[in-house]
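Trainee: Quick one: structure below, then a few questions.
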Amino acid sequence: MKKIFAIVNPVSANGSTGRQWPNLEKILRISGIDLDYVLTEYPMHAVELTRNALKGGCEIIVSVGGDGTMNEVVNGFFEGGRLINENAALAVFSRGTGCDAIKTMGIKNDVDSIIAVLKDMKSEAYDVGKVDFIEYGGKKSQRYFLNVSDVGIGGETTFRVNRNSKALKGFLSFMLGALTTIIVYKNKCFEISIDDMNIKEKLNSVIIANGKYFGGGMKIAPMADMTDGFFDIIILGNLNKFELLYNFSKIYNGTHLSHPKVSHYKGKHIKVNSKQKALIEIDGEQPGIIEAEFHILPKKLKVLVGR
Ligand SMILES: Nc1ncnc2c1ncn2[C@@H]1O[C@H](COP(=O)(O)OP(=O)(O)OP(=O)(O)O)[C@@H](O)[C@H]1O
């Protein structure tokens, strides 16, 4: 029997995870899932808790929270550039406001679905992104991500959304945040390299996708596949505010790709730089600025998947 350990972020989904966890834990136990758990006490605590659990012999780590908690748990699987236990697997019990990552993974966010996932123990090896970036304060930093990282308007939107309450739930919070950001955001001159190709252009954003969705349900990279060993890179070109507002709804159903100022590439090693300050988003968190360098780690992490 594999040891299951849940890492619960009580403040996720505006605190409803903390309020609901005692009942959810009871339901999991009644259904025959034997698990230990711990509540996170501060940001980035889940990284440390995951490392400790893996070193203590736990082989299934369940992230209970939003995409930010999942990102921290993913980072806790690694230490010194290596996986702590190659056989260990991540399970995602998505309780956040956005829940974007699970939309690609075929996992639902209700308790019955996570019970099925933990009983079936069916895993798939997913690609993991690794990004080097600059923390606020100037320190170089590195972070792993499972879903999406982006530079430009998404970074500024995430900064705005995470600073405010997400009481309106993911979809509305992100949509209002994005619409406000469109009004104030200015396109920048970026230098981008995607493997051997170089782009130097004034543009809006660069999205480096492993998963399909970001921003509380925007289908930014409909073709993304978390097991193909490639990032899907979406570049939103030099769109003006009117073009952004006019085409905004298309991002939700993935039809934005046909716009002449939107381009798509596949790549494994991407660099993004600008002389102007540009904010980076990583799995729904906004930890710093560019310059940034991204590498794909093919089929690196075992993830429990749905039926
Ligand atoms: N005990 C804690 N107190 C305060 N902040 C915490 C605590 N534990 C974790 N955090 C932080 O809470 C933030 C939000 O977590 P998370 O993203 O999981 O939830 P969410 O914002 O509701 O979901 P989503 O990103 O899917 O919308 C993260 O930045 C995380 O570092």
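Under my numbering, the first residue of the sequence shown carries the number 6, and numbering increases by one thereafter.
Where is the CB? At the ideal position from N, CA and C, for every residue including glycine.
Here's the rule I'm using: 16 or more other beta-carbon atoms within 10 Å means buried, otherwise exposed. How should ILE188 be labelled?
Mentor: The residue labelled residue 188 in the question sits at position 183 within the sequence shown. It counts as exposed.
Trainee: Assuming ASN203 is part of the beta strand (DSSP E), what are its boundary residues?
Mentor: Numbered from its first residue, the sequence shown carries residue 203 at position 198. 202-208 is the span of the beta strand (DSSP E), which, as asked, contains ASN203.
Trainee: Cβ of TYR47 within 7 Å of any heavy atom in ligand 1?
Mentor: If you number the sequence shown from 1, residue 47 lands on position 42. Yes, the beta carbon of TYR47 sits closer than 7 Å to at least one heavy atom of ligand 1.
Trainee: Which same chain residues, not among the five before or five after THR232, have their C-beta less than 8 Å away from its C-beta?
Mentor: Against the sequence shown, residue 232 aligns to sequence position 227. Around THR232: GLU129, ALA130, TYR131, ASP132, LYS304.
Trainee: For ligand 1, is there a heavy atom less than 7 Å away from the beta-carbon of THR102?
Mentor: Reading the sequence shown from its first residue, position 97 is the one you call residue 102. Result yes, Cβ under 7 Å from ligand 1.
Trainee: By a C-beta neighbour count over all protein chains shown, 10 Å radius and 16 as the cutoff for buried, is GLY160 buried or exposed?
Mentor: What you label residue 160 is simply residue 155 of the sequence shown in a count that begins at 1. Buried is the call here.
Trainee: Rounded to the nearest angstrom, what separates TYR141 and ALA18 at their Cα positions?
Mentor: By one-based count along the sequence shown, residue 141 stands at place 136. By one-based count along the sequence shown, residue 18 stands at place 13. Using only the alpha carbons, I get a separation of about 25 Å.
Trainee: Quick one: is GLY293 buried, meaning 16 or more other Cβ sit within 10 Å of its Cβ, or exposed?
Mentor: Within the sequence shown, residue 293 is the residue found at index 288, counting from 1. It counts as buried.
Trainee: Span of the beta strand (DSSP E) holding GLN281?
Mentor: Counting from one through the sequence shown, the residue named residue 281 turns up at place 276. Segment: none, GLN281 is in no beta strand (DSSP E) and carries neither H nor E.
Trainee: Taking only the alpha-carbon atoms, compute the straight-line gap between LYS193 and LEU95 and give it to the nearest angstrom.
Mentor: Within the sequence shown, numbered from 1, the residue matching residue 193 stands at position 188. Within the sequence shown, numbered from 1, the residue matching residue 95 stands at position 90. Near 37 Å, if we compare the C-alpha coordinates of LEU95 and LYS193.
Trainee: Rounded to the nearest angstrom, what separates PHE10 and ILE65 at their Cα positions?
Mentor: By 1-based counting over the sequence shown, the position of residue 10 is 5. By 1-based counting over the sequence shown, the position of residue 65 is 60. For PHE10 and ILE65, the distance between alpha carbons rounds to 6 Å.
Trainee: Grouping DSSP H, G and I as helix and E and B as strand, with all else coil, what is MET110?
Mentor: Within the sequence shown, the letter at position 105 stands for residue 110. Of the three classes helix, strand and coil, the one that applies to MET110 here is helix, per DSSP.
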